[in-house]
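**Student:**
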Amino acid sequence: MACARDGSFDTGIHSLETNGTRIDAPIRQLMYSTSLFSPVPKRLVTITCSILTTGGIVAKKPQDAQHNQHGKHAQRGQQQKRGGKAQGGHATHAQAAPSRPWRPGRDKFLPVSRADMDARGWDQCDFAYICGDAYVDHPSFGMAIVSRVLDAHGYKVGIICQPDWTDPASITVLGEPRLGFLVSAGNMDSMVNHYSVTKHRRHTDAYTPGGEEGHRPNRAVTVYGNLIRQTFKDAPIIIGGIEASLRRLAHYDYWQDKLKRSVLLDSGADILIYGMGEHAIVEIADALDAGLPIDQITYINGTVYRTSSLDEVYDYDLLPSWDDLAADKLNYARSFNVQQQNMDPITGHRLVEPYPNSVYVVQNPPSATLTTDEMDEVAELPYARDWHPDYDAAGGVPAFAEIKFSISSNRGCFGECSFCALTFHQGRVLQMRSHDSIMREAELLTHDPEFKGYINDVGGPTANFSRPACDKQLKHGVCKNKRCLWPSVCKNMVVDESGYTQLLRDLRQLPGVKKVFVRSGIRFDYTMADASDEFLRELLEHHVSGQLRVAPEHVSDAVLSVMGKPSRAVYDAFCRKFERLNREYGLKQYVVPYLISSHPGSTMKEAVELAEAVRDMGYMPEQVQDFYPTPSTMSTCMYYTGVDPRTMEPIYVARDPHEKAMQRALIQYRKPENYKLVREALEKAGRRDLIGYTKHCLIRPVPPRPGETSAGGGHGTGKKGGKPHGDAGAGKGPKGSKGHGGMSRAQNTAGRNRAAQGRQGANGGGRRN
Numbered sequence: 000m001a002c003a004r005d006g007s008f009d010t011g012i013h014s015l016e017t018n019g020t021r022i023d024a025p026i027r028q029l030m031y032s033t034s035l036f037s038p039v040p041k042r043l044v045t046i047t048c049s050i051l052t053t054g055g056i057v058a059k060k061p062q063d064a065q066h067n068q069h070g071k072h073a074q075r076g077q078q079q080k081r082g083g084k085a086q087g088g089h090a091t092h093a094q095a096a097p098s099r100p101w102r103p104g105r106d107k108f109l110p111v112s113r114a115d116m117d118a119r120g121w122d123q124c125d126f127a128y129i130c131g132d133a134y135v136d137h138p139s140f141g142m143a144i145v146s147r148v149l150d151a152h153g154y155k156v157g158i159i160c161q162p163d164w165t166d167p168a169s170i171t172v173l174g175e176p177r178l179g180f181l182v183s184a185g186n187m188d189s190m191v192n193h194y195s196v197t198k199h200r201r202h203t204d205a206y207t208p209g210g211e212e213g214h215r216p217n218r219a220v221t222v223y224g225n226l227i228r229q230t231f232k233d234a235p236i237i238i239g240g241i242e243a244s245l246r247r248l249a250h251y252d253y254w255q256d257k258l259k260r261s262v263l264l265d266s267g268a269d270i271l272i273y274g275m276g277e278h279a280i281v282e283i284a285d286a287l288d289a290g291l292p293i294d295q296i297t298y299i300n301g302t303v304y305r306t307s308s309l310d311e312v313y314d315y316d317l318l319p320s321w322d323d324l325a326a327d328k329l330n331y332a333r334s335f336n337v338q339q340q341n342m343d344p345i346t347g348h349r350l351v352e353p354y355p356n357s358v359y360v361v362q363n364p365p366s367a368t369l370t371t372d373e374m375d376e377v378a379e380l381p382y383a384r385d386w387h388p389d390y391d392a393a394g395g396v397p398a399f400a401e402i403k404f405s406i407s408s409n410r411g412c413f414g415e416c417s418f419c420a421l422t423f424h425q426g427r428v429l430q431m432r433s434h435d436s437i438m439r440e441a442e443l444l445t446h447d448p449e450f451k452g453y454i455n456d457v458g459g460p461t462a463n464f465s466r467p468a469c470d471k472q473l474k475h476g477v478c479k480n481k482r483c484l485w486p487s488v489c490k491n492m493v494v495d496e497s498g499y500t501q502l503l504r505d506l507r508q509l510p511g512v513k514k515v516f517v518r519s520g521i522r523f524d525y526t527m528a529d530a531s532d533e534f535l536r537e538l539l540e541h542h543v544s545g546q547l548r549v550a551p552e553h554v555s556d557a558v559l560s561v562m563g564k565p566s567r568a569v570y571d572a573f574c575r576k577f578e579r580l581n582r583e584y585g586l587k588q589y590v591v592p593y594l595i596s597s598h599p600g601s602t603m604k605e606a607v608e609l610a611e612a613v614r615d616m617g618y619m620p621e622q623v624q625d626f627y628p629t630p631s632t633m634s635t636c637m638y639y640t641g642v643d644p645r646t647m648e649p650i651y652v653a654r655d656p657h658e659k660a661m662q663r664a665l666i667q668y669r670k671p672e673n674y675k676l677v678r679e680a681l682e683k684a685g686r687r688d689l690i691g692y693t694k695h696c697l698i699r700p701v702p703p704r705p706g707e708t709s710a711g712g713g714h715g716t717g718k719k720g721g722k723p724h725g726d727a728g729a730g731k732g733p734k735g736s737k738g739h740g741g742m743s744r745a746q747n748t749a750g751r752n753r754a755a756q757g758r759q760g761a762n763g764g765g766r767r768n
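FYI, numbering that gives the first Met the number 0 numbers position 362 of the sequence shown as 361, with every residue one higher than the one before it.
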């Protein structure tokens, strides 16, 4: 699966052969031959300067792979409505006058209309991909990855983004596909996209042209699936993405505050792909192309299917039935524990969840992790690396802005934080792109006319993970009942940040690159376990701009233990080390912590402890994440059941919205609007000693006057900023400065309280470390 370079960067007119057709390409190009999960080579195809990289790719049916055939720009046949609203700013390409003429034309994207199909000479699509996001052809978007992987294998894929779910005609614009429909909600769970943790409706949608909300339904996978079933009764339906992946079995739904069935049953789909899906989607496509009925495709890892009999299901673990789950929350905790122990492709078992009326939902073991060669091949498919031209008039897709000049270097995470969905979506085994592949992408970025010299991020779920936790994981799978980093770093872990350090050095040396930021987040406990200071020194000297944002999440060791995070002592030691190295370099940079309020295990006592730590840090957090119980996380299971599923021991859960508001207000106790909540919380916790005028007090005995903060004595004006003091070890940077820290990638652009979703687009989004 090597990726052999066939040409070098150049400018001018190139005559290339694509599937036997000679074309002229007046563009910068990099050309490679790749194997993309298959040993059969395909003819060389081309890539424009605006795509990730390159090339020659493998297809089962090369005669159908026409994604690079140049055609006449066609008019879009029908202006779609979106969710009952007039399309408005979602202008067609005929109406749009791109302000950036160097952008890729619509022929560089997969078809979105019958006219686009005609321009390619297609009578019928093999697959129609219906998605809740706007069409951005970039490897941070799951729809783009899946569709390009299929395209590389010779399958004709058409895209239907944000159809009007009230109008069946909106999903018929490409006709009925030959092999079936693909469905995803987009890079985020549609409910997280629509609602804040307080269940208030959001007013913007970063994955929609112009940021306009209201162009996707709640529970989009279910709605789209049923719409297809009503319109094309016999068409195969394959669902995937973050929403489907995290709802593949019975799950707690925070927005309805109840347990819900597998989304496979509610959506009317035939197969559900969980995880990232590159292997599974090609196997399904090949089976359908060979004429195998959809109900007989039951053997593919990384998929979930339904059956009415277990006679032909072998080697499975039986989970509690739906009736048992509905009858006792503790049964759900037991079921979840079994599920989280079977998320490894080597050790994972087949799981069966029974439902009434002889219905069984069968989850096959996870798909194999991608090799480095495969990671490179996926990253270097011929993405247009931009939003579709139809969105120009609306100003484009906001989520694309931050990721445009960011590079995804890895996926998967062995940190396994309890509140993070990554274990259920990307797994614990780290998968890394090669050094050369990342450098090729960075070089392409430097040739973009909008590139100003700044690479916004190089990372993934965790930036400084660049190899699996240990060699055992690749041969024998991950440990089922042990974590790699909690309660302390495993003795078998190979802590090595040297590869990532060298990558950052090489990126800095690229012509045209002024600065490379690291915003994905680093695991400070992993860095502290590194015998060398080399990475941390490089990071603070070259890749931080005033502030380094890390995620201790809390200071109470009791809560940190529930979260699966390192102890406060580790965080404090990291901050002291960071401060010492900054003094050596004569720099004034600060650690800024992300914090979570009302996480399971946090009583009012722990919440006050966190507020006192914030007081000692000497700054007011700009962002606080109230715990958001999103589907299929360990913490969400705790929230619903009231027990830790690993031990079945009871755990305190702040479920009352008012108590959650108090815990959150405590962290931002200086805000005048929080005074009443903070005072009530302190009184409830029996901590009236923190109400007064002395330095240790959080608030004063009387409400603040206009223009004052709520802070007690010794807290100054309460401005954001100020140098940290004491051993708490964290603080805001230069006064009033927001700095350049923070998260990147498309999902994080949509809002930090949505970060519980999985990272990176293939089907999911960002997180903190």
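Even for Gly, the Cβ is constructed at its ideal location relative to N, Cα and C. Because the structure is a prediction, the values reported are computed rather than measured.
#1: Cα-Cα, which of H541, M492 and S487 is closest to V512?
#2: In this structure, does DSSP put M492 in helix, strand or coil?
#3: Quick check: the stretch 150-168 against the stretch 297-306, are there 3 or more CB pairs under 8 Å?
#4: If we require 3 or more residues per run, which beta strand (DSSP E) segments fall completely within the stretch 606-674?
#5: Would a C-beta distance cut-off of 8 Å place T370 and P656 closer than the cut-off?
#6: Can you give me the C-alpha to C-alpha distance between L149 and H424, rounded to a whole angstrom?
#7: DSSP three-state label for G240, please.
#8: Please list, in chain order, all residues of the same chain as L594 whose beta carbon is under 8 Å from its beta carbon, the five residues on each side excluded.
#9: Counting C-beta neighbours from all protein chains within 10 Å, is the total for R575 16 or more, i.e. buried, or is it exposed?
#10: Relative to the C-alpha of V361, which residue among L264, P344 and Y251 is closest?
#11: Roughly how many whole angstroms lie between the Cα atoms of Y313 and L287?
#12: One question on the structure: do A279 and V262 come within less than 8 Å of each other, judged by their Cβ atoms?
#13: Give every residue of the same chain whose Cβ lies closer than 6 Å to the Cβ of C791, excluding the five residues on either side of it in the sequence, and list them in chain order.
#14: Short check: CB of S519 to CB of T445, under 8 Å?
#15: Is the distance from the Cβ of T640 to the Cβ of Y331 below 8 Å?
#16: Which stretch, first to last residue, makes up the beta strand (DSSP E) that contains R305?
#17: Which term fits D688, buried or exposed, when burial requires 16 or more other beta carbons within 10 angstroms of its beta carbon?
#18: I need the boundaries of the beta strand (DSSP E) containing F126, first residue and last residue.
#19: Using the rule of at least 16 other Cβ atoms within 10 Å of the residue's Cβ for burial, across every protein chain shown, is R215 buried or exposed?
#20: Assuming contact is defined by CB atoms lying nearer than 8 Å, are G141 and V182 in contact in what I supplied?
#21: Which residue spans inside the stretch 379-464 form an unbroken alpha helix (DSSP H) run of at least 4?
#22: D343 and V477 - do their beta-carbons sit closer together than 8 Å?
#23: So who's on the other strand from C160, going by DSSP bridges?
#24: Run the CB neighbour count on S497, radius 10 Å, all protein chains shown included, and call it buried at 16 or more, exposed below.
#25: Just checking my contact of R800 with G414 at CB under 8 Å: how many whole Å lie between their CB atoms?
#26: If you count every other CB in all the chains shown that lies within 10 Å of the CB of G276, and 16 or more means buried, which is it?
#27: For the stretch 193-213 against the stretch 233-243, do three or more pairs of beta-carbon atoms, one drawn from each stretch, fall closer than 8 Å, so that the two count as touching?
#28: State the DSSP-derived secondary structure class of A58, mapped to helix, strand or coil.
#29: Taking just the CA atoms, how far does D571 sit from L271?
#30: Does the distance from the CB of L509 to the CB of E442 come in under 8 Å?
#31: Within the continuous beta strand (DSSP E) that includes A332, where are the two ends?
#32: How far does the beta strand (DSSP E) with R548 in it reach, from first residue to last?
#33: From what residue to what residue does the alpha helix (DSSP H) around I227 run?
#34: Under 7 Å Cβ to Cβ from S366, same chain only, skipping five residues before and after it: list those, please.
#35: From which residue to which residue does the beta strand (DSSP E) around K257 run?
#36: Which two residues bound the contiguous beta strand (DSSP E) that contains Y570?
**Tutor:** So, from the data block:
#1: Residue 512 sits at position 513 when you count from the first residue of the sequence shown. Out of H541, M492 and S487, H541 has the C-alpha closest to the C-alpha of V512.
#2: Stepping through the sequence shown from its first residue, residue 492 is reached at position 493. M492 falls in the coil class under three-state DSSP.
#3: no
#4: none
#5: The sequence position of residue 370 within the sequence shown is 371, counting from 1. The sequence position of residue 656 within the sequence shown is 657, counting from 1. Cβ atoms of T370 and P656: not closer than 8 Å.
#6: Within the sequence shown, numbered from 1, the residue matching residue 149 stands at position 150. Within the sequence shown, numbered from 1, the residue matching residue 424 stands at position 425. Going from the Cα of L149 to the Cα of H424 covers about 21 Å.
#7: As a first step, residue 240 is located in the sequence shown; it is residue number 241 there, counting from the start. Note: G240 maps to helix in three-state DSSP.
#8: Here residue 594 refers to the residue found at position 595 of the sequence shown. Within the same chain, L594 has close Cβ partners P551, E552, H553, L609, V613, P620, V623, Q624 and I666.
#9: Within the sequence shown, residue 575 is the residue found at index 576, counting from 1. By the neighbour-count rule (16 or more Cβ atoms within 10 Å), R575 is not buried but exposed.
#10: Taking the sequence shown and counting its residues from 1, one reaches residue 361 at position 362. Closest option to V361, Cα to Cα, is L264.
#11: Your numbering for residue 313 matches position 314 in the sequence shown. Your numbering for residue 287 matches position 288 in the sequence shown. Looking at the two C-alpha atoms, the distance is approximately 23 Å.
#12: Here residue 279 refers to the residue found at position 280 of the sequence shown. Here residue 262 refers to the residue found at position 263 of the sequence shown. Cβ distance not < 8 Å, so A279 and V262 don't count as in contact.
#13: Residue 791 falls outside the range modelled here, since the chain spans only 0 to 768, and no answer is possible.
#14: Within the sequence shown, the letter at position 520 stands for residue 519. Within the sequence shown, the letter at position 446 stands for residue 445. No, the pair does not count as a contact, with Cβ atoms beyond the cut-off.
#15: The residue labelled residue 640 in the question sits at position 641 within the sequence shown. The residue labelled residue 331 in the question sits at position 332 within the sequence shown. Cβ atoms of T640 and Y331: closer than 8 Å.
#16: Here the question's residue 305 lines up with position 306 in the sequence shown. T302 to T306 is the extent of the beta strand (DSSP E) around R305.
#17: Counting from one through the sequence shown, the residue named residue 688 turns up at place 689. When all chains shown are included, D688 counts as exposed.
#18: Counting from one through the sequence shown, the residue named residue 126 turns up at place 127. Unbroken beta strand (DSSP E) run through F126: F126 to C130.
#19: By one-based count along the sequence shown, residue 215 stands at place 216. It is buried - the Cβ of R215 has at least 16 other Cβ atoms within 10 Å.
#20: Position 142 of the sequence shown, counted from the first residue, corresponds to residue 141. Position 183 of the sequence shown, counted from the first residue, corresponds to residue 182. Cβ distance not < 8 Å, so G141 and V182 don't count as in contact.
#21: 399-402, 421-424 and 434-445
#22: In the sequence shown, residue 477 corresponds to position 478, counting from 1. In the sequence shown, residue 343 corresponds to position 344, counting from 1. Result yes, Cβ atoms of V477 and D343 sit closer than 8 Å.
#23: Taking the first residue of the sequence shown as position 1, residue 160 is located at position 161. C130.
#24: Position 498 of the sequence shown, counting from 1, holds the residue named residue 497. Exposed, since its Cβ has fewer than 16 Cβ neighbours within 10 Å.
#25: No answer is possible for residue 800: the residues shown for the chain start at 0 and end at 768.
#26: Numbered from its first residue, the sequence shown carries residue 276 at position 277. Burial call: buried.
#27: no
#28: Along the sequence shown, read from residue 1 onward, the residue named residue 58 stands at position 59. With a pLDDT of only 33 at A58, under the threshold of 50, the placement of this residue in the model should not be trusted, and no figure is reported.
#29: Within the sequence shown, residue 271 is the residue found at index 272, counting from 1. Within the sequence shown, residue 571 is the residue found at index 572, counting from 1. Approximately 44 Å between the Cα atoms of the pair.
#30: In the sequence shown, residue 509 corresponds to position 510, counting from 1. In the sequence shown, residue 442 corresponds to position 443, counting from 1. Yes, the pair counts as a contact, with Cβ atoms nearer than the cut-off.
#31: The residue you call residue 332 lines up with position 333 of the sequence shown. No beta strand (DSSP E) holds A332; the alpha helix (DSSP H) holding it covers K328 to Q339.
#32: Here residue 548 refers to the residue found at position 549 when the sequence shown is read from its first residue. Start and end: Q546 to E552.
#33: The sequence position of residue 227 within the sequence shown is 228, counting from 1. Per DSSP, I227 belongs to the alpha helix (DSSP H) from A219 to T230.
#34: Position 367 of the sequence shown holds residue 366. So the list reads G274, H278, A279, N300, G301 and P344, once near-sequence residues are dropped.
#35: The count along the sequence shown starts at 1 and reaches residue 257 at position 258. Segment K257 to K259, the beta strand (DSSP E) holding K257.
#36: By one-based count along the sequence shown, residue 570 stands at place 571. Element bounds for Y570: not the beta strand (DSSP E) but the alpha helix (DSSP H), R567 to Y584.
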